[in-house]
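Below is one structure, written out as structure tokens; comments come after it.
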């Protein structure tokens, strides 16, 4: 099982952690969490910033294999 914390992406004040069997499952959980809890921050992000965040999530998850 893999996991990713919101704090891994720079939200040091957030304790959310997504766990799952696949990268896709975890990334989906992270975006669902962000849409609910960090909606203002997510809404203010450009497509490029979202891509950087996706790349960072992929990088962190690949280290757990």
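In our numbering, the protein residues as written are 2 to 66. Every residue, glycine too, gets a C-beta built ideally from N, C-alpha and C. Source: prediction; values computed, not measured.
- Counting other Cβ atoms within 10 Å of its Cβ, residue 33 stays below 16 and is therefore classed as exposed.
- For residue 63, the enclosing alpha helix (DSSP H) stretches over residues 48-63.
- Bounds of the alpha helix (DSSP H) holding residue 43 are 40-44.
- Collapsing the DSSP output to three states places residue 12 in coil.
- In this structure, 12 is the residue among 65, 12 and 50 with its C-alpha nearest to the C-alpha of residue 38.
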